[in-house]
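Asks: Attaching a single structure in structure tokens format; questions to follow.
Number of protein chains: 2
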Amino acid sequence: MEKDEAIKLNNQLCFSIYSLSREINKLYRPFLEELNLTYTQYLVMLVLWEKDSCTMKELGDSLFLDSGTLSPVLKRLTKRALTYRKRDPDDERRVLISLTEEGKQLKETAAEIPGKLINKSGLSEEEFSKTLFDFTNLLQQIQQANTE
Amino acid sequence: MEKDEAIKLNNQLCFSIYSLSREINKLYRPFLEELNLTYTQYLVMLVLWEKDSCTMKELGDSLFLDSGTLSPVLKRLTKRALTYRKRDPDDERRVLISLTEEGKQLKETAAEIPGKLINKSGLSEEEFSKTLFDFTNLLQQIQQANTE
DNA sequence: CGCAATTAAATTGTGTAAAATTAAATTGAG
DNA sequence: CTCAATTTAATTTTACACAATTTAATTGCG
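Here you go:
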């Protein structure tokens, strides 16, 4: 590509991905509003629905986020009584995050979201799977590039 | 997909694109630090390097962002003397945003970034083009879904 | 063992995003 | 022409991201 072409907004991979990410976020918003969750709070809940309980560190490893982001998110989820926190007795540096009964129950409602989303997106099951596969592969490649 | 599978974090399209977006942002960061620009500020500059001058509204249409986000970004770019703002005499509601000489000159340095990025990402020219094409198409599809 | 290095969270500060509100200018239906 | 509706930006509020710093607990080298 010519250098003058290469610097144009619509030739930036970063911009298409950035826009797509916000646009997909927007697709979720009406469903998440019903649960009274933000997008990030939803991601945290997804992790906890798989594990019931984990440390702040494990949560961060799953979501690629640090305590600077997660501490305030957990503070809000705990205030809403969806989660609770306590120090790990075996290692007082660690914080164990767990779901309350209310937090566990919310999974029932949330389980409807992925289906609704695929439906609303207009993607077929196959397109969805292929896109997820492609995104995941690219993510790994970029993560690799970032650690070199 | 089974409902229990569908609600897992790593089967969420939203999470893969969200992680990918942040990871790509991270790939840019060292280069943008050299220019002393944030990612969003870089996007604004990309638009202005193509047009030299535009209104806040046009900038927002290009980047899919509103004045709530862009006003403070422009305030910072103007403080750094890369841009300047003045009301449109033909329609006082509008704000005309323009590049200063310093802002124009920064394009020379920035023009190196896209090449460096492709290189660092490990993608071939073909992979890059195909990925850009796929993302742009998907973006349009999701934007369509969001307006229905 | 003792203490320097490491690890885990929380906190602080900066910069977006997005929704909602406000204010000012312009438009257009009657 | 006139005023209600619309348009454009800015502001306010809430909630992330991320870097940098702080604090407390744990590890492990000498």
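Protein chains in written order, with the numbering used here: chain A, 47 to 194; chain B, 47 to 194.
Think of the CB as a built atom: it goes at the ideal place given N, C-alpha and C, for glycine as much as any other residue.
Kindly indicate if chain A contains any beta-carbon less than 7 Å away from that of Ser167 of chain B.
Replies: yes
Asks: In whole angstroms, what is the alpha-carbon distance linking Leu116 of chain A and Asn56 of chain B?
Replies: Leu116 of chain A and Asn56 of chain B have their alpha carbons spaced roughly 19 Å apart.
Asks: Going by DSSP, what residue range makes up the beta strand (DSSP E) through Asp137 of chain B?
Replies: It spans 137–145 - the beta strand (DSSP E) in which Asp137 of chain B sits, taken as one unbroken run.
Asks: Might you give, ordered along the chain, the residues of its own chain that have their beta carbon closer than 7 Å to the beta carbon of Thr124 of chain B, omitting 5 neighbours on each side?
Replies: Tyr130, Arg131
Asks: How about Ser167 of chain B and Ala191 of chain A: do their beta carbons lie closer than 7 Å?
Replies: yes
Asks: Report yes if the C-beta distance between Phe174 of chain A and Ile164 of chain A is below 7 Å; otherwise report no.
Replies: yes
Asks: Counting only Cβ pairs nearer than 9 Å, list the residues of chain A close to Gly106 of chain B.
Replies: Gly106 of chain B does not reach chain A, its nearest Cβ partner there being about 13 Å away, counting only Cβ pairs nearer than 9 Å.
Asks: Using Cβ-Cβ distances below 9 Å, what residues of the stretch 133–163 of chain B are close to chain A?
Replies: Lys153, Ala156, Ala157, Glu158, Ile159, Pro160, Gly161, Leu163
Asks: Restricting to Cα atoms, I'd like to know which of A:Arg68, A:Asp134, A:Asp50 is closest to Gln186 of chain B.
Replies: Selected option, being the one with the closest Cα: A:Arg68.
Asks: Within 8 Å, do at least three Cβ pairs link the stretch 143–152 of chain A to the stretch 97–104 of chain A?
Replies: yes
Asks: Closest to Val90 of chain B by C-alpha separation, out of B:Glu194, B:Glu138, B:Glu158, B:Lys121, would be which residue?
Replies: B:Lys121
Asks: Please tell me whether Ser62 of chain B and Thr182 of chain A are closer than 7 Å, where the distance is taken between their beta carbons.
Replies: yes
Asks: From the DSSP secondary-structure annotation, give me the bridge partner or partners of Lys202 of chain B.
Replies: This structure gives no information on residue 202 of chain B, because the portion of chain B shown stretches from 47 to 194.
Asks: For Glu69 of chain A, which residues in chain B fall below 7 Å Cβ to Cβ?
Replies: Leu185, Ile188, Gln189, Asn192
Asks: Report the option in A:Val93, A:Ser108, A:Glu172 whose CA atom is closest to the CA atom of Lys150 of chain A.
Replies: The shortest C-alpha separation from Lys150 of chain A is found at A:Val93.
Asks: Report yes if the C-beta distance between Ile70 of chain A and Cys60 of chain B is below 7 Å; otherwise report no.
Replies: yes
Asks: What residues are listed by DSSP as bridge partners for Ser167 of chain B?
Replies: None, per the DSSP bridge assignment.
Asks: Grab me the residues of Tyr85 of chain A's own chain with a C-beta within less than 7 Å of its C-beta, minus the 5 sequence neighbours each way, in chain order.
Replies: Asn71, Tyr74, Leu78
Asks: Just confirm the distance between the C-beta atoms of Ala52 of chain B and Gly161 of chain A, as a whole number of angstroms; I'd bet it's less than 8 Å.
Replies: 7 Å
Asks: Would Ser65 of chain A be called buried (16 or more neighbouring beta carbons within 10 Å of its own) or exposed?
Replies: buried
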